[in-house]
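Residue numbers (my numbering): 2 to 318.
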């Protein structure tokens, strides 16, 4: 029996990134170097994109964090600097009554610094997974395994087991709600299944996302469902070209012998995964492109079955 899943989306990022709408805005920034060390001496300038509005300056503290509060809504140019490292810059739009979080990664090579992880707080309650969390937390490289283990208000309909259910999106709920009440967004696009299955139309790999926000209470009323919302943040291209290529596999010969007694609900026969990412500027910081793709295949044995079941997932974002 084979199960297949395909996620497909095209992502072209313009220099001005729009956050959504209504008072003043806030921007919080974490500054690190290429090794992930926090830069306590960094500074940032936030100025109106058209050059006619106000300009703000902030300096990082011991933890490499800085913030701009009570900023009028609008388009801004952000420049982050530190001694001995190349500056990072980005153009963004701040909307009223919202807080945005960014991470500036400063490197020594000219044009190699970047600003990552544009995440918006719309006032709800839940958990935000930035780019570092998606990379470092153990998962089977999909959102469901993170919700199952790292989002304390969420309840998933299965135990993922590190990728046993590849090709099948788990359904999740929070605070006793129905799975069918959950909603899903990819950036500003609603990707909730209109037939109420409780699963999204797209199932991208975590390596193709800039962040993930699970809102389990006080979800904005304009969302499709009355339950929790999962916001998938598409990647940003950055100020220089970079890419990754990775692969992983486990075979039947690496699995432990089946113990005597009642069989497990499911166990591995084999698992294979390959992934790539590529992104960079096309026209300075005004236009860029970011691509990420993956292919995963799992062969699993359920209970005391002798024939393996196969699941496959392919993602291009």
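For glycine and all other residues, C-beta sits at the position ideal for the given N, C-alpha and C. As the structure is a prediction and not an experimental result, all values here were calculated from the model.
1. Measuring CA to CA, which of 208, 96, 101 and 256 is closest to residue 28?
2. Leaving out five residues before and five after residue 8 in sequence, what residues of the same chain have Cβ atoms less than 8 Å from its Cβ?
3. If I follow the unbroken alpha helix (DSSP H) through residue 133, where does it start and stop?
4. Thinking just about the alpha-carbon of each residue, which of 268, 280 and 173 is nearest to the one in residue 258?
5. Count Cβ pairs between the segment 179–198 and the segment 222–232 that sit closer than 8 Å; are there 3 or more?
6. By the 10 Å Cβ neighbour count, where 16 or more other Cβ atoms means buried, how is residue 115 classified, buried or exposed?
7. With DSSP collapsed to three states, give me the class of residue 151.
8. For residue 276, count neighbouring Cβ atoms within 10 angstroms of its own Cβ and tell me buried if that reaches 16, exposed if not.
9. Can you round the beta-carbon distance between residue 154 and residue 175 to whole angstroms, since I take them to be within the 8 Å contact cut?
10. Residue 108: which of 297, 81, 210 and 74 sits nearest, CA to CA?
11. What is the DSSP secondary structure of residue 254, counted as helix, strand or coil?
12. How long is the line joining the alpha carbons of residue 177 and residue 221, rounded to whole angstroms?
13. So residue 60 is in the beta strand (DSSP E); what residue range does that whole segment cover?
14. In whole angstroms, what is the alpha-carbon distance linking residue 253 and residue 271?
15. Along the chain, where does the beta strand (DSSP E) that runs through residue 282 open and close?
16. Where residue 304 and residue 113 are concerned, what is the direct C-alpha to C-alpha distance, given to the nearest angstrom?
17. I think residue 141 touches residue 158, with their Cβ atoms under 8 Å apart; what is that distance to the nearest whole Å?
18. Please identify the residue among 219, 47, 226 and 72 whose C-alpha is closest to the C-alpha of residue 193.
19. Under 7 Å Cβ to Cβ from residue 201, same chain only, skipping five residues before and after it: list those, please.
The structure says:
1. Residue mapping note: residue 28 aligns to position 27 of the chain shown, counting from 1. Looking at the Cα atoms, 101 is the closest of the given residues.
2. Taking the first residue of the chain shown as 1, we reach residue 8 at position 7. Its pLDDT being 42, under 50, residue 8 is placed unreliably in this model, and the value from its coordinates should be taken loosely. So the list reads 203, 204, 205, 206, 314, 315, 316, 317 and 318, once near-sequence residues are dropped.
3. Here residue 133 corresponds to residue number 132 of the chain shown, with the count starting at 1. Start and end: 132–137.
4. Locating residue 258 in the chain shown gives position 257, counting from the first residue. Ranking 268, 280 and 173 by Cα distance to residue 258 puts 268 first.
5. yes
6. By 1-based counting over the chain shown, the position of residue 115 is 114. It is buried - the Cβ of residue 115 has at least 16 other Cβ atoms within 10 Å.
7. Counting from one through the chain shown, the residue named residue 151 turns up at place 150. Helix, per DSSP.
8. Position 275 of the chain shown, counted from the first residue, corresponds to residue 276. With 16 or more Cβ atoms within 10 Å of its Cβ, residue 276 is classed as buried.
9. In the chain shown, counting from the first residue as 1, residue 154 sits at position 153. In the chain shown, counting from the first residue as 1, residue 175 sits at position 174. Contact holds; Cβ gap of about 5 Å.
10. Within the chain shown, numbered from 1, the residue matching residue 108 stands at position 107. Closest option to residue 108, Cα to Cα, is 81.
11. Here residue 254 refers to the residue found at position 253 of the chain shown. Reduced to three states, the DSSP call for residue 254 is helix.
12. Along the chain shown, one-based indexing puts residue 177 at 176. Along the chain shown, one-based indexing puts residue 221 at 220. Approximately 19 Å between the Cα atoms of the pair.
13. Within the chain shown, numbered from 1, the residue matching residue 60 stands at position 59. 56–60 is the span of the beta strand (DSSP E), which, as asked, contains residue 60.
14. Residue numbering aside, residue 253 sits at position 252 when the chain shown is read from its first letter. Residue numbering aside, residue 271 sits at position 270 when the chain shown is read from its first letter. So the alpha carbons of these two residues sit roughly 5 Å apart.
15. Translated into positions along the chain shown, residue 282 becomes position 281. From DSSP, the beta strand (DSSP E) with residue 282 extends over 267–284.
16. As a working mapping, residue 304 is identified with position 303 in the chain shown. As a working mapping, residue 113 is identified with position 112 in the chain shown. Roughly 51 Å between the two C-alpha positions.
17. Taking the chain shown and counting its residues from 1, the one referred to as residue 141 is at position 140. Taking the chain shown and counting its residues from 1, the one referred to as residue 158 is at position 157. The pair is not a contact, with the Cβ atoms about 15 Å apart (cut-off 8 Å).
18. As a working note, residue 193 is residue 192 in the chain shown. Out of 219, 47, 226 and 72, 226 has the C-alpha closest to the C-alpha of residue 193.
19. One-based indexing of the chain shown puts residue 201 at position 200. Answer for residue 201: 170, 185, 192, 193 and 194, listed in chain order.
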